[in-house]
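A.B. asks:
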Amino acid sequence: MKNILKHITLYAAVLAAGISMVSCDEFPPVNYDEPEPFKVYTDEDFDGRDFITIADLKAMYQNSPVTTIGNRIVKAQVVSSDQQGNLYRTMYIQDETGGIELKMGTRNLYNEYKMGQWVYVDCNGLAIGNYRGMIQLGYPSSDPDYETAYIDQQYIIDTHIFRGELGKVEPMVIDAKEGITDAANLGRYVKVEGLTYGNRVFAIIYDDSDNSLYLGDVGETCGITTWAINETGFARYMLTGFDGAVPEDERANYSPAFYSVSQYFNKDGVDLQVRTSGYARFADTAIDEAILVGERVNLTGILTRYNSNNQFLLNDLSGVEIAE
């Protein structure tokens, strides 16, 4: 034991002496509060390349995946944020002609891609596909169930997505039902004015045998008056069996499907589902009572579609305001 301690003491002394001989100038201080700025790309960086608008890019899709887009560049602004967890591994970009989902495949995108920031997307090697009515830009897919895959390899991201200057982006105001149903507006950052609460939800839960139970018929909320259901909220709601939708002796057998909920709103007779992830930080936030009893509301976020359903994604709850 004494020999071991002797060797440890000797090693520590030699290590300390070695450190003292190294000049501090050889290790300049690192300022973690001010990291090295990233290169800000401009149009000049893509001289000789063909630029394509989002509308023209989406028009290339004709009922089958497009895997040969060519040597084209999309210049667009980021109009979504995953900071609050309502978006996952994806972001939306738009130019003056339209918006599109860019399947980035990584998390915490808001750290590098800010709202309003310009990005340049090199489409060479990427693919255009459709998922349940939404045109997407991603990577060629080998899965027959999906027409595009996530761009989840950092090398591919670094060689295809280039950050430009920061900018400001304002939502396009939609105040008529035609704007909600217009396919040209899908993927855009919009503000839909004058909506009323539809007193209806859509959610799915499963029992232990994987049988699904769809919650929410016309005029029914099943007691779900939050934007979605997180794990805590699900346990709370199950105490009442979603207002009787689940018999008391069966409640212990059910679990949620991703905790997501679509809350219905209505504009001039057109339904708009505000779909919120159960993993969003605001999932268990109660919807303002004034909205529930009929006050008109304005929503700002991303207009999407799932099959024949008009859907809406909130970046955060700042996108919800009582109409004046």
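Just add 13 to the spot in the sequence shown (first one is 1) and you have the numbering used here.
Yeah, the Cβ is synthetic: ideal placement off N, Cα and C, and Gly gets one too.
Count the CB pairs spanning the segment 313-333 and the segment 194-214 that are closer than 8 Å, and state whether there are at least three.
C.D. replies: Yes, the segment 313-333 is in contact with the segment 194-214.
A.B. asks: Within the same chain, show all residues whose beta-carbon is closer than 8 Å to that of A258, passing over the 5 residues directly before and after it, in chain order.
C.D. replies: The residue you call residue 258 lines up with position 245 of the sequence shown. For A258, where only same-chain residues beyond five positions count, the Cβ hits under 8 Å are L226, L228, C235.
A.B. asks: For D221, I'd like the list of residues in its chain whose CB is within less than 6 Å of its CB, leaving aside the five on either flank, ordered along the chain.
C.D. replies: Taking the first residue of the sequence shown as position 1, residue 221 is located at position 208. Taken in chain order, the residues that qualify are N266.
A.B. asks: Exposed or buried, what is F278 when buried is set at 16 or more other beta-carbons lying within 10 Å of its beta-carbon?
C.D. replies: The count along the sequence shown starts at 1 and reaches residue 278 at position 265. Per the 10 Å Cβ criterion, buried.
A.B. asks: Going by DSSP in three states, Q149 sits in which element: helix, strand or coil?
C.D. replies: Position 136 of the sequence shown holds residue 149. Reduced to three states, the DSSP call for Q149 is strand.
A.B. asks: Mapping the DSSP letters down to three states, classify F51 as helix, strand or coil.
C.D. replies: Here residue 51 is taken as the residue at index 38 of the sequence shown, counted from 1. Three-state result, F51: coil.
A.B. asks: Can you tell me which of the three DSSP states G307 falls into?
C.D. replies: The residue you call residue 307 lines up with position 294 of the sequence shown. In this structure, G307 counts as coil in the three-state DSSP scheme.
A.B. asks: What is the DSSP secondary structure of S331, reduced to helix, strand or coil?
C.D. replies: By 1-based counting over the sequence shown, the position of residue 331 is 318. It is helical.
A.B. asks: Enumerate in chain order the residues of its own chain whose CB-to-CB distance from E39 is below 7 Å, with the five nearest sequence positions on each side excluded.
C.D. replies: The count along the sequence shown starts at 1 and reaches residue 39 at position 26. Note that E39 has pLDDT 47, beneath the 50 cutoff, so the model's placement of it is unreliable and the number below is only indicative. Result list for E39: empty, nothing under 7 Å.
A.B. asks: Taking all protein chains shown into account, do 16 or more other C-beta atoms lie within 10 angstroms of the C-beta of F247, making it buried, or fewer, making it exposed?
C.D. replies: Translated into positions along the sequence shown, residue 247 becomes position 234. The residue is buried, with at least 16 neighbouring Cβ atoms inside 10 Å.
A.B. asks: Measuring only the C-alpha atoms, how far is G146 from L327?
C.D. replies: As a first step, residue 146 is located in the sequence shown; it is residue number 133 there, counting from the start. As a first step, residue 327 is located in the sequence shown; it is residue number 314 there, counting from the start. For G146 and L327, the distance between alpha carbons rounds to 19 Å.
A.B. asks: Pull up the distance between the alpha-carbon of G282 and that of F175, whole angstroms please.
C.D. replies: As a working mapping, residue 282 is identified with position 269 in the sequence shown. As a working mapping, residue 175 is identified with position 162 in the sequence shown. So the two alpha carbons sit approximately 42 Å from each other.
A.B. asks: For C37, is the classification buried or exposed, using 16 other Cβ atoms within 10 angstroms of its Cβ as the cut-off for buried?
C.D. replies: Here the question's residue 37 lines up with position 24 in the sequence shown. The predicted position of C37 is uncertain, since its pLDDT is 45 and thus under 50; no value can be drawn from it.
A.B. asks: Look up F40 in the DSSP assignment and say whether it is helix, strand or coil.
C.D. replies: Start at 1 with the first residue of the sequence shown, and residue 40 comes out as number 27. Since pLDDT at F40 reaches only 46, below the 50 mark, its modelled position is unreliable, and the value read off the structure follows with that caveat. Coil at F40, not helix or strand.
A.B. asks: Quick check on the DSSP output: the beta strand (DSSP E) that includes Q90 runs from which residue to which?
C.D. replies: Mapped onto the sequence shown, residue 90 falls at position 77. Run containing Q90: 85-91, per the beta strand (DSSP E) assignment.
A.B. asks: Under the rule that 16 or more other beta-carbon atoms within 10 Å means buried, what is Q166, buried or exposed?
C.D. replies: Working through the sequence shown from its first residue, we reach residue 166 at position 153. With fewer than 16 other Cβ atoms within 10 Å, it is exposed.
A.B. asks: Given V239, which residues of its chain have a CB within under 8 Å of its CB, disregarding the five upstream and five downstream residues?
C.D. replies: What you label residue 239 is simply residue 226 of the sequence shown in a count that begins at 1. Residue 239 is actually Thr in this sequence, not Val. The residues are G246, V274, A296, D297, T298, A299, I300.
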